[in-house]
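Step one of this worksheet: look at the structure below.
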Amino acid sequence: MALVGGGPLGFPKPLRRVVPGCLVVAALLAQGQVAEGQVAEGQVAEGQLAQGQPARGSAPAALRQVSLDLSAPGDCATAAELEARVQRRSTELSIVPAPAPHAVTVRIAPTAEGRLRATLLVEQPGEPAYRRAILADGCDEALEAIAFMIAVALDLTEVAPAAAEPDPPPPDEAPPETTPSSALVPFVGAGVQALGAATPRLLVGPELSGGVEWLRASPWSPTARLTVGWATRGDLQAEGGVAEFVLLAGTLELCPLQARSGAFSLRPCAFGTLGRLRATGSRTLEPQSASRPWWVLGGSVLLTWEPLSRLRLTAAARAGAIGVRDTFEFEPHVFHRVPAWAPSAGIAAEVRFP
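Read in my numbering, the sequence shown has 137 at position 137, and its numbers run on one by one without any break.
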């Protein structure tokens, strides 16, 4: 083999049978960098198609290890369903438990317009985060789009078309019985509350919360939430003595609608509070104590932030009409009259199941 001075490269006859995709290798052969007939790593033998194929006998590329974190409504999808769709599109990915070198986070949530918003975050070592968001009319459409984007972001060699669905069973075979997944999701939590109007100053104390919500891709997503709290105040100085108040009450909130934006949701609610208010006087000539009913009816607003798929923070603001309005005094001095309206607020950390 030789170079013709000033002219085109001269190739040996056997090399002319190489397809056009091998011209780069042919040029290397012409310059004497690769011996004729040699098959080294990354090179192409005589007659072999040189379009990204490895040489015969080379080891297969290692699979990329990927962890998958999916948050979606209970009746929409599971991580196993998304994993199956990703692996139908890519042969280079291996889904493993976290932590993994490549992390994929998917969030699917209903919008106020009744559609689904799907967000994708792909984190890879040494590369900037890959973020995408789509709007879909249904869960199946959202899963297909997310699976394709995951394959595009992580599989740099090829994105295989989705495998064909299996043939339906013969007509004479009865389909297996399936139980539809429930969209009702229970939750429990704990937090702190502050109540006004019952005493001259705010009552502050702990509260426990729990309830159930119906997750739907629609503004009509009813939620029922029950909170039980205990609050006390024992340092109320008044003319004629010192007063101590203790309030034990439960509040039931019914919220028919929700407006959602990303990880935040807002729910208008109607609520009712029922409990007992106990007042005790001391440092007076005739110390006394009394226990009175306490009930309030009104409206509230719940603001929820979901930083994780099962953990959320819920803030509540309430205002309602008081059913029993008492007067407290150290005779003859009145130090508190219960007003017509009672404000209250609370914040709690809650966990959803499953």
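Just so it is clear, CB atoms sit at the ideal spot from N, CA and C, and this is done for glycine as well.
Remember, predicted model here, so these are calculated numbers, not experimental data.
C-alpha distance - residue i paired with residue j, whole-angstrom precision
i	j	result
Pro-343	Leu-297	11 angstroms
His-336	Arg-283	17 angstroms
Trp-305	Ala-112	16 angstroms
Gly-400	Ala-238	Shown here, the chain extends from 1 to 354; a query on residue 400 therefore has no answer.
Ala-98	Leu-143	21 angstroms
Ala-355	Leu-215	Since the first residue shown for the chain is 1 and the last is 354, residue 355 is missing from the structure and cannot be characterised.
Val-338	Phe-328	8 angstroms
Ser-261	Pro-287	55 angstroms
Cys-255	Gly-346	16 angstroms
Leu-63	Ala-348	43 angstroms
Glu-244	Ala-321	23 angstroms
Ala-100	Gly-250	45 angstroms
Gly-275	Val-246	11 angstroms
Ala-190	Phe-148	40 angstroms
Pro-354	Val-96	21 angstroms
Gly-196	Trp-341	9 angstroms
Pro-186	Gly-241	47 angstroms
Gly-272	Asp-167	55 angstroms
Pro-268	Val-192	20 angstroms
Leu-252	Val-351	18 angstroms
Leu-313	Leu-236	32 angstroms
Glu-81	Ile-146	12 angstroms
Leu-202	Gln-124	51 angstroms
Pro-219	Leu-257	5 angstroms
Cys-76	Ala-109	10 angstroms
Leu-121	Thr-223	30 angstroms
Glu-83	Glu-141	15 angstroms
Ala-103	Asp-137	26 angstroms
Where residue i falls: helix, strand or coil (DSSP)
i	result
Cys-139	helix
Ala-243	strand
Ala-153	helix
Phe-148	helix
Arg-325	coil
Gly-126	coil
Gly-74	coil
Val-334	strand
Glu-253	strand
Thr-199	coil
Leu-63	coil
Pro-293	strand
Arg-356	Absent from the model: residue 356. The displayed extent of the chain is 1 to 354, so no value can be given.
Ala-133	strand
Ala-316	strand
Buried/exposed call for residue i, threshold 16 Cβ in 10 Å
i	result
Ser-221	buried
Val-66	buried
Gly-299	exposed
His-404	The chain is shown from 1 up to 354; residue 404 falls before or after that span and cannot be answered.
Ser-209	buried
Leu-226	exposed
Arg-325	exposed
Glu-127	exposed
Gly-229	buried
Arg-131	exposed
Arg-310	exposed
Gly-234	exposed
Ala-129	exposed
Val-86	buried
Thr-199	buried
Gly-281	buried
Glu-36	In this prediction, Glu-36 scores a pLDDT of 38, lower than 50, which makes its location untrustworthy; the coordinate-derived value is nonetheless stated afterwards. Label assigned to Glu-36: exposed.
Segment limits, beta strand (DSSP E) that includes residue i
i	result
Glu-123	116-123
Arg-267	264-282
Glu-92	Here Glu-92 belongs to no beta strand (DSSP E), and DSSP marks it neither H nor E.
Gln-288	Taken as a continuous stretch (DSSP letters only), Gln-288 belongs to no beta strand (DSSP E), as it is neither H nor E.
Gln-193	184-195
Pro-343	341-352
Asp-235	220-238
Glu-355	For residue 355 there is no data in the structure shown, the boundaries of the chain being 1 and 354.
Pro-110	102-110
Leu-208	203-214
Arg-260	259-261
First through last residue of the alpha helix (DSSP H) which encompasses residue i
i	result
Val-86	79-89
Whole-number beta carbon distance between residue j and residue i, since they are thought to touch under 8 angstroms
i	j	result
Ser-71	Arg-117	Not a contact, Cβ separation roughly 12 angstroms.
Ala-263	Pro-293	Not confirmed; about 40 angstroms, so no contact.
Asp-69	Thr-105	5 angstroms
Ala-217	Gly-114	6 angstroms
Ser-265	Arg-278	The pair is not a contact, with the Cβ atoms about 37 angstroms apart (cut-off 8 angstroms).
Leu-154	Leu-93	6 angstroms
Gly-211	Ala-231	So it is not a contact: roughly 21 angstroms between Cβ atoms.
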